[in-house]
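Visitor:
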Amino acid sequence: MTEFLEGGDMPVEKWRVVFHVSDGQLWPRALKNITNFLREVGDAAAQVEVVANAAAVTGYFMDGEELGQMVQLAERGVVFKACRNALKEHALENSALPPFVQVVPAGVAELVQKQAAGYAYIKP
Amino acid sequence: MTEFLEGGDMPVEKWRVVFHVSDGQLWPRALKNITNFLREVGDAAAQVEVVANAAAVTGYFMDGEELGQMVQLAERGVVFKACRNALKEHALENSALPPFVQVVPAGVAELVQKQAAGYAYIKP
Amino acid sequence: MTEFLEGGDMPVEKWRVVFHVSDGQLWPRALKNITNFLREVGDAAAQVEVVANAAAVTGYFMDGEELGQMVQLAERGVVFKACRNALKEHALENSALPPFVQVVPAGVAELVQKQAAGYAYIKP
Chain A
0 MTEFLEGGDM
10 PVEKWRVVFH
20 VSDGQLWPRA
30 LKNITNFLRE
40 VGDAAAQVEV
50 VANAAAVTGY
60 FMDGEELGQM
70 VQLAERGVVF
80 KACRNALKEH
90 ALENSALPPF
100 VQVVPAGVAE
110 LVQKQAAGYA
120 YIKP
Chain B
0 MTEFLEGGDM
10 PVEKWRVVFH
20 VSDGQLWPRA
30 LKNITNFLRE
40 VGDAAAQVEV
50 VANAAAVTGY
60 FMDGEELGQM
70 VQLAERGVVF
80 KACRNALKEH
90 ALENSALPPF
100 VQVVPAGVAE
110 LVQKQAAGYA
120 YIKP
Chain C
0 MTEFLEGGDM
10 PVEKWRVVFH
20 VSDGQLWPRA
30 LKNITNFLRE
40 VGDAAAQVEV
50 VANAAAVTGY
60 FMDGEELGQM
70 VQLAERGVVF
80 KACRNALKEH
90 ALENSALPPF
100 VQVVPAGVAE
110 LVQKQAAGYA
120 YIKP
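Protein chains in written order, with numbering that gives the first Met the number 0: chain A, 0 to 123; chain B, 0 to 123; chain C, 0 to 123.
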């Protein structure tokens, strides 16, 4: 579940976690969860990915406080992904996504693969 | 987290995942998640189980589009299970369940055991 | 995912699971899940932890049936934890928590660490 980074005399544990966001109204809670997690373990020791599917993909298209928080978290290394099926279903264009968001073919497959690779799973 | 199937010249990775459905109104999302997952990884490479507990067990007793989708997914190898405690609580008879649904003593125990066996966990 | 206890002639499998409660109204379901789980696998074979974050931390401050159930479960070995960030956000004093509840700096970090240690994850 962990990997080790060369960080000097002591190895630094890297905590890997994938956050699954499927309800648009839970973005504020999810972003707060991630911010608190990074404060606790430290950015260098965290490998955080966010997978949005279902209606939560609309969150990537809204201006406002949440998008600003996402940009800041992306700059700190958090990876944001969007489910292509959910984008299609909500008639959202991949090309209109913010540049920090990566599209995956199926959000659920991404969640399974990340867990298989040792990531913890959190549903905010 | 994965096992390998003899599939010809190359081993085929098998992705194992258990879906936890506890809210009846989330069945459509859960079934769409599973369909998208199977389309992405391929039926032969997937080992999918669905555990319904709490009010979600009522979904097995409703006619309509969702039940038809469940039948089709069951034919493609998806395993559907129902929590016996939840069935009792909702005064539902095991014998009235569709034939493709298996009853487990406690849905949560099933979810823990599947994760212990290497299944990823998804809450739609 | 499991450890073995010295229990006599045969090792007893220990099932480890962390329950994540973030919605206050889902406490009754969470406590029922845990009770059913313990009945199924047996108290001696279970290592159960509950992590409450977001609005669910308020549940530790309410009198009533749920608190009574928590006390009983704690006496049976279930570990209850509360997220310090969530307590602050809801202006709740750590010192007013019931004695069986432990405060952790970040609920999400606790959930990640428990999964990294082999606990299954359940979102009731």
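Just so you know, even glycine gets a beta-carbon here, dropped at the ideal spot from N, CA and C.
Check whether the segment 76 to 83 of chain C and the segment 35 to 55 of chain C are in contact - that is, three or more C-beta pairs closer than 8 Å.
Guide: Yes, since at least three Cβ pairs between the segment 76 to 83 of chain C and the segment 35 to 55 of chain C fall closer than 8 Å, the two stretches touch.
Visitor: So what does Val50 (chain C) bridge to, in DSSP terms?
Guide: Looking at the DSSP assignment, Val50 (chain C) forms a beta bridge with C:His19 and C:Lys80.
Visitor: If we count the other Cβ atoms within 10 Å of its Cβ and call it buried at 16 or more, is Asn93 (chain C) buried or exposed?
Guide: Burial call: exposed.
Visitor: Counting contacts by CB-CB distance shorter than 9 Å, is His19 (chain B) in contact with chain C?
Guide: Chain C, which has a Cβ nearer than 9 Å to the Cβ of His19 (chain B), makes this yes.
Visitor: Taking 9 Å as the CB-CB limit, is Leu120 (chain C) close to chain B?
Guide: The amino acid occupying residue 120 (chain C) in the given sequence is Tyr; Leu does not appear at that position. Output row for Tyr120 (chain C): interface = yes.
Visitor: Taking Glu39 (chain A) as the query, report the chain C residues whose CB atoms sit under 7 Å from its CB, ordered along the chain.
Guide: By Cβ distance, chain C contributes Pro104, Ala105 and Ala108.
Visitor: Report yes or no: is there a C-beta of chain C within less than 9 Å of the C-beta of Asn124 (chain B)?
Guide: Residue 124 (chain B) lies beyond the residue range present for chain B, which begins at 0 and ends at 123; the question has no answer from this structure.
Visitor: If you drop the 5 nearest sequence neighbours on each side, which residues of the same chain put their C-beta closer than 7 Å to that of Glu64 (chain C)?
Guide: Here the set comprises nothing.
Visitor: Give the residues of chain C in contact with Trp26 (chain A), contact being defined as C-beta atoms less than 9 Å apart.
Guide: Simply none; closest approach about 13 Å.
Visitor: To the nearest angstrom, how far is it from the Cα of Tyr59 (chain A) to the Cα of Glu39 (chain C)?
Guide: Each residue's alpha carbon lies about 42 Å from the other.
Visitor: Using the DSSP secondary-structure output, state which residues sit across from Tyr120 (chain B) in a beta bridge.
Guide: In the DSSP output, where bridge partners are listed per residue, Tyr120 (chain B) has B:Val17.
Visitor: Evaluate the contact criterion for the segment 114 to 122 of chain C versus the segment 44 to 53 of chain A: three or more CB pairs, one atom per stretch, below 8 Å.
Guide: Cβ pair count under 8 Å is below three, so no.
Visitor: Assuming Val56 (chain C) is part of the beta strand (DSSP E), what are its boundary residues?
Guide: From DSSP, Val56 (chain C) is part of no beta strand (DSSP E); its letter is neither H nor E.
Visitor: With a cut-off of 9 Å, does the C-beta of Asn93 (chain C) fall near any C-beta of chain A?
Guide: Answer no: the Cβ-Cβ gap between Asn93 (chain C) and chain A never drops below 9 Å.
Visitor: Could you name the residues that DSSP lists as bridge partners for Glu39 (chain A)?
Guide: Partner(s): none; Glu39 (chain A) has no beta bridge.
Visitor: Pull up the distance between the alpha-carbon of Met61 (chain A) and that of Leu86 (chain C), whole angstroms please.
Guide: Using only the alpha carbons, I get a separation of about 29 Å.
Visitor: Please classify Pro104 (chain B) as buried or exposed, where buried requires at least 16 neighbouring CB atoms within 10 angstroms.
Guide: Pro104 (chain B) should be labelled exposed.
Visitor: Are there 16 or more other CB atoms within 10 angstroms of the CB of Gly106 (chain C), so buried, or fewer, so exposed?
Guide: Buried is the call here.
Visitor: When you compare only the Cα positions, how much space is there between Lys31 (chain A) and Phe18 (chain B)?
Guide: Rounded to whole angstroms, Lys31 (chain A) to Phe18 (chain B) spans 25 Å at the Cα level.
Visitor: Quick one: does Val78 (chain A) have its CB under 9 Å from some CB of chain B?
Guide: Val78 (chain A) does not count as touching chain B.
Visitor: Could you check where the beta strand (DSSP E) with Gln131 (chain C) kicks off and where it finishes?
Guide: Any question about residue 131 (chain C) goes unanswered here, given that chain C covers just 0 to 123.
Visitor: Any beta carbon from chain C within less than 9 Å of Val111 (chain B)'s own beta carbon?
Guide: Yes - at least one Cβ of chain C is within 9 Å of the one on Val111 (chain B).
Visitor: Have a look at Val20 (chain B) and Trp26 (chain A) and give me their C-alpha separation to the nearest angstrom.
Guide: Approximately 21 Å between the Cα atoms of the pair.
Visitor: Can you tell me which of A:Arg15, A:Ile33 and A:Arg28 puts its alpha carbon nearest to the alpha carbon of Gln71 (chain A)?
Guide: It is A:Ile33.
Visitor: Do we get a CB-CB distance below 9 Å when we pair Ala29 (chain C) with the residues of chain A?
Guide: Not closer than 9 Å to any Cβ of chain A, the Cβ of Ala29 (chain C) fails to qualify, so no.
Visitor: Run down chain B in chain order and give the residues with a C-beta less than 8 Å from the C-beta of Val49 (chain C).
Guide: The contacting residues do not exist; Val49 (chain C) stays about 12 Å from chain B at best.
Visitor: Can you tell me whether Ala90 (chain C) is helix, strand or coil according to DSSP?
Guide: If DSSP states are grouped into helix, strand and coil, Ala90 (chain C) belongs with coil.
Visitor: Measuring CB to CB, does Val111 (chain B) end up less than 9 Å from Ile121 (chain C)?
Guide: In this structure, Ile121 (chain C) lies closer than 9 Å to Val111 (chain B) by Cβ.
Visitor: Is Glu74 (chain C) buried or exposed, if buried means 16 or more other CB atoms sit within 10 Å of its CB?
Guide: Glu74 (chain C) is exposed by the Cβ-count criterion.
Visitor: On a CA-only basis, which of A:Gln68, A:Asn35, A:Gly76 and A:Glu109 is nearest Glu88 (chain C)? Give me that one, please.
Guide: Of A:Gln68, A:Asn35, A:Gly76 and A:Glu109, the residue nearest in Cα terms is A:Asn35.
Visitor: Bridge partners for Ala45 (chain C) per DSSP, in chain order?
Guide: In DSSP, Ala45 (chain C) forms a bridge with C:Trp14.
Visitor: For Met69 (chain C), report the span of its alpha helix (DSSP H) as first-last.
Guide: Its alpha helix (DSSP H) spans residues Glu64 to Glu74.
Visitor: In the DSSP assignment, the alpha helix (DSSP H) including Gln24 (chain C) goes from what residue to what residue?
Guide: Note, Gln24 (chain C): premise wrong, no alpha helix (DSSP H); not H, not E.
Visitor: Output, in chain order, the set of chain C residues within a Cβ distance shorter than 7 Å of Asn84 (chain B).
Guide: The answer, in chain order, is Asn35.
Visitor: Tell me which residue opens and which closes the alpha helix (DSSP H) that Leu110 (chain A) is part of.
Guide: Leu110 (chain A) -> alpha helix (DSSP H) spans Gly106 to Ala115.
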